[in-house]
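S.K.:
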Amino acid sequence: RIIILDFGSQYTQLIARAVREANVYCDILPYHKNFAFDENLKGIILSGSPCSVNETDAPNVDVAAFIEQVPVLGVCYGAQLTAKLFGGRVDKSDKREYGRAQMNKQKEDKLLTGISQKSQVWMSHSDSIKQLPVNFEILATTESIPVAAFKKTDSTHPLYGLQFHPEVYHSTEGKKMLFNFLVNICGCAQDWTPASFAEETITQLKKTIGDKHVIMALSGGVDSTVAATLISHAIGDRLHGIFVDNGVLRKGEFEQVLETYKSIGLNVKGINAKELFYKELAGKTDPEAKRKVIGKLFIDVFHEEALKIKEASFLGQGTIYPDVIESVSVHGPSVTIKSHHNVGGLPDIMNLQLIEPLRSLFKDEVRRVGLELGIPRDMINRHPFPGPGLAIRILGEVTEEKAKLLQEADYYYIKALKEKGHYDEVWQAGAILLPVKSVGVMGDERTYEYTLALRAVTSVDGMTADWSHLPYEFLADVSNEIINNVRGINRVVYDISSKPPATIEWE
Ligand code: XMP
4 RIIILDFGSQ
14 YTQLIARAVR
24 EANVYCDILP
34 YHKNFAFDEN
44 LKGIILSGSP
54 CSVNETDAPN
64 VDVAAFIEQV
74 PVLGVCYGAQ
84 LTAKLFGGRV
94 DKSDKREYGR
104 AQMNKQKEDK
114 LLTGISQKSQ
124 VWMSHSDSIK
134 QLPVNFEILA
144 TTESIPVAAF
154 KKTDSTHPLY
164 GLQFHPEVYH
174 STEGKKMLFN
184 FLVNICGCAQ
194 DWTPASFAEE
204 TITQLKKTIG
214 DKHVIMALSG
224 GVDSTVAATL
234 ISHAIGDRLH
244 GIFVDNGVLR
254 KGEFEQVLET
264 YKSIGLNVKG
274 INAKELFYKE
284 LAGKTDPEAK
294 RKVIGKLFID
304 VFHEEALKIK
314 EASFLGQGTI
324 YPDVIESVSV
334 HGPSVTIKSH
344 HNVGGLPDIM
354 NLQLIEPLRS
364 LFKDEVRRVG
374 LELGIPRDMI
384 NRHPFPGPGL
394 AIRILGEVTE
404 EKAKLLQEAD
414 YYYIKALKEK
424 GHYDEVWQAG
434 AILLPVKSVG
444 VMGDERTYEY
454 TLALRAVTSV
464 DGMTADWSHL
474 PYEFLADVSN
484 EIINNVRGIN
494 RVVYDISSKP
504 PATIEWE
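Just so you know, we're using full-length UniProt numbering here: the sequence shown kicks off at 4 and counts up by one.
1) Should residue 1 go down as buried or exposed, given a rule of 16 or more other Cβ atoms within 10 Å for buried?
2) Does the Cβ of Pro169 have 16 or more other Cβ atoms within 10 Å, making it buried, or fewer, making it exposed?
3) Taking all protein chains shown into account, decide if Ala104 is buried (16 or more other Cβ within 10 angstroms of its Cβ) or exposed.
4) Helix, strand or coil, according to DSSP, for Ile397 in the structure here?
5) Compute the minimum distance between the beta carbon of Gln105 and the heavy atoms of the ligand XMP, and state whether it is under 7 Å.
6) Helix, strand or coil for Glu202, going by three-state DSSP, please let me know.
7) Going by CA-CA distance only, name the one from Thr263, Asn270, Gly446 and Pro438 that's closest to Tyr453.
8) State whether the segment 462 to 476 contacts the segment 499 to 507, with contact taken as three or more CB pairs (one from each stretch) at a distance under 8 Å.
9) For Arg23, which beta-bridge partners are listed by DSSP?
10) Applying the criterion that 16 or more other CB atoms from any shown protein chain within 10 Å of the CB defines a buried residue, is Val304 buried or exposed?
11) Compute every distance between the C-beta of Pro389 and the non-hydrogen atoms of the ligand XMP, then say whether any falls below 7 Å.
12) Express the C-alpha separation of Gly213 and Lys313 in angstroms, rounding to a whole number.
13) Drop a sphere of 10 angstroms on the beta-carbon of Val73, count the other beta-carbons inside from all chains shown, and report buried for 16 or more, exposed for fewer.
14) Please state the DSSP three-state secondary structure of Ala468.
15) In chain order, what residues of the same chain have a beta carbon less than 7 Å from the beta carbon of Ile205, not counting five sequence neighbours either side?
16) So Phe280 is in the alpha helix (DSSP H); what residue range does that whole segment cover?
17) Taking the straight line between their C-alpha atoms, what separation do you get for Pro336 and Ile188?
18) Going residue by residue through the segment 209 to 267, where are the continuous beta strand (DSSP E) segments of at least 3 residues, counting only ones entirely within it?
19) If Gly244 sits next to Lys272, beta carbons under 8 Å apart, how far is it from one beta carbon to the other, in whole angstroms?
20) Suppose you measure from the CA of Pro136 to the CA of Arg294; what does that come to, to the nearest Å?
21) Give me the residue from Arg99, Gln83 and Lys98 with the minimum Cα distance to Arg92.
22) Please list, in chain order, all residues of the same chain as His425 whose beta carbon is under 7 Å from its beta carbon, the five residues on each side excluded.
23) At what residues does the alpha helix (DSSP H) containing Gln166 begin and finish?
24) Comparing the CB of Lys287 with every heavy atom of the ligand XMP, is any distance shorter than 7 Å?
25) Looking only at its own chain, which residues have a Cβ that is under 7 Å from the Cβ of Val327, when we skip the five neighbours before and after it?
26) Excluding the 5 residues preceding and the 5 following Lys341 in the sequence, name in chain order all residues of the same chain whose CB lies nearer than 6 Å to its CB.
27) Within 10 angstroms of the Cβ of Lys405, are there 16 or more other Cβ atoms? Answer buried if so, exposed if not.
28) Less than 8 Å between the C-beta atoms of Thr156 and Ile70, yes or no?
29) DSSP three-state call for Gln207: helix, strand or coil?
30) With a threshold of 16 other CB atoms inside 10 Å of the CB of His128, please say whether the residue is buried or exposed.
31) What does DSSP give as the partner residues of Pro33 in its beta bridges?
32) Taking 7 Å as the cut-off, is the beta-carbon of Glu508 closer than that to any non-hydrogen atom of the ligand XMP?
33) What three-state label does DSSP hand Pro438 in the structure shown?
34) Could you check what DSSP says for Ser482 in three-state terms: helix, strand or coil?
35) Residue 511 and Ile323 look like a contact to me (Cβ under 8 Å); what is the Cβ gap, rounded to whole Å?
Here you go:
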């Protein structure tokens with residue numbers, strides 16, 4: 004494996020994903036975390052950072068000790084830190100350099116094998132290396148900086164630095180450089196594949212769970228489905244899945260999802276708790292209050308069901324890597340904007356041990372493992388859907404009637420996206436029922452009905468998003484389809500806000 008030491012860069016996860024894409028396993032650790040050198044550890048990558056190496060108390064690691072053990076690659080801040088630690092000079096650049104630059108190769112080296120003489124790279128830095136330490140050599144330059152890539156020439160293991168970000172899309176040959184580092188320099192075996200992950204995880208789960216039982220809440224989403232399938236491959240029907248209909252799922256989703264679970268051999272019980280949810284949601288208009296009601300009721304319903312499974316000792320969860328990476332916060336803690344992930348607290352009340360088979364995977368890796376396990380593509384490529392479901396897409400109070408109305412409208416929207424081939428281009432889509440009525444005319448009749456907003460976004464991780472530029476004709480057809488078929492809605496609008504400053508959901 005490879006260890007990526009994180010100094011707080013926004014791109015650290017991209018480094019990890021690029022490493023995993025090369026079928027090499029890696030972990031991200033905060034730069035100050037201790038770790039052991041063992042025979043599996045093949046190399047270390049130092050990330051970028053919003054800090055400057057010249058600040059007092061700038062984050063620091065013992066690179067000299069690392070290269071006694073394994074090869075090291077410093078990226079951006081990681082490169083500057085390395086240069087400075089060995090006696091080089093790093094200063095504020097005359098001109099801050101952001102965005103595209105052209106790297107000019109100065110020397111052939113293992114790191115640059117197969118890289119063009121001139122190659123586009125992506126810069127994002129305000130300091131630069133003005134002078135390299137002795138026994139360091141320049142491998143590449145750009146028009147504005149003398150040291151874009153360097154190497155230490157006299158160490159036990161190779162030490163490299165790149166001033167640019169090889170991990171981002173716009174460094175066109177960056178992935179190849181990372182590949183060279185991982186495979187040609189560190190000697191990584193490239194045996195981290197979806198199939199090997201599934202096989203090892205199932206073996207491990209068998210060992211950990213033994214002859215005990217596991218309970219698990221399933222949501223119909225990709226993560227919980229893949230996690231449950233791995234567990235089920237290990238222990239069969241000793242996995243007890245529970246899927247709750249909270250009344251704010253999509254139209255027909257409860258039945259369809261249960262059907263899919265059955266087809267992949269999962270032992271899942273469906274619980275219809277709609278009435279309970281509608282009753283508790285009555286009168287609640289504040290988004291956070293609605294989230295709390297749904298989160299709490301879900302735990303109550305699940306708890307009641309779980310108590311019936313007396314033999315359960317474990318609780319399965321679909322936690323994935325981005326949920327557990329310890330992030331380095333060099334400029335204060337980040338702020339919680341909405342109270343996401345509201346189904347915590349379960350293991351404590353039930354005294355269960357957690358089982359999280361996807362803890363080390365990124366979302367795209369979860370999908371690949373899911374396909375490897377034979378889960379239908381439809382299930383794997385589903386858009387994300389929030390835990391509180393349509394409740395946060397019905398602005399204001401949620402009632403059964405409104406839920407039905409939105410389910411209908413959303414059904415036509417998603418169906419059209421799929422039929423016209425837009426579903427997979429969009430990261431997430433949904434309809435929002437606004438608490439606004441307006442006047443319309445149908446035949447000779449005046450109507451006074453609800454307004455529906457359509458939302459579709461493109462995104463990589465949901466943190467930032469742009470509105471999808473769906474064709475006008477498509478929007479026109481969907482609008483007609485909805486207004487003609489869904490009684491109670493006489494006006495459709497399309498949301499053209501990006502995130503930030505808007506969010507994906509309206510509540
Ligand atoms: P926002 O609206 O914050 O949404 O841009 C980002 C992503 O998170 C989902 N989301 C939620 N998921 N519980 C969840 O499980 C929630 O309360 C919640 N609120 C938003 C949203 O659907 C999008 O994918």
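The beta carbon of each residue, even a glycine, is placed where N, CA and C say it ideally should be.
M.R.: Once the coordinates are examined:
1) Look at the range of the chain in this structure, 4 to 510, and you will see that residue 1 is not part of it.
2) buried
3) buried
4) strand
5) no
6) helix
7) Pro438
8) yes
9) DSSP lists no partner for Arg23.
10) buried
11) yes
12) 16 Å
13) buried
14) strand
15) Leu233, His236 and Ala237
16) Lys277 to Leu284
17) Interpretation of Pro336 is limited by its pLDDT of 42, a score under 50 that renders its predicted location unreliable; the figure taken from the coordinates is listed afterwards. Answer to the nearest angstrom: the Cα atoms are 36 Å apart.
18) 216 to 221 and 242 to 248
19) 7 Å
20) 56 Å
21) Gln83
22) Leu473 and Phe477
23) Note, Gln166: premise wrong, no alpha helix (DSSP H); not H, not E.
24) no
25) Arg362
26) Note that Lys341 has pLDDT 42, beneath the 50 cutoff, so the model's placement of it is unreliable and the number below is only indicative. The answer is none, since no qualifying residue turns up.
27) buried
28) no
29) helix
30) buried
31) Asp9
32) yes
33) strand
34) helix
35) Examination of residue 511 is not possible in this model, given that the chain is present from 4 through 510 alone.
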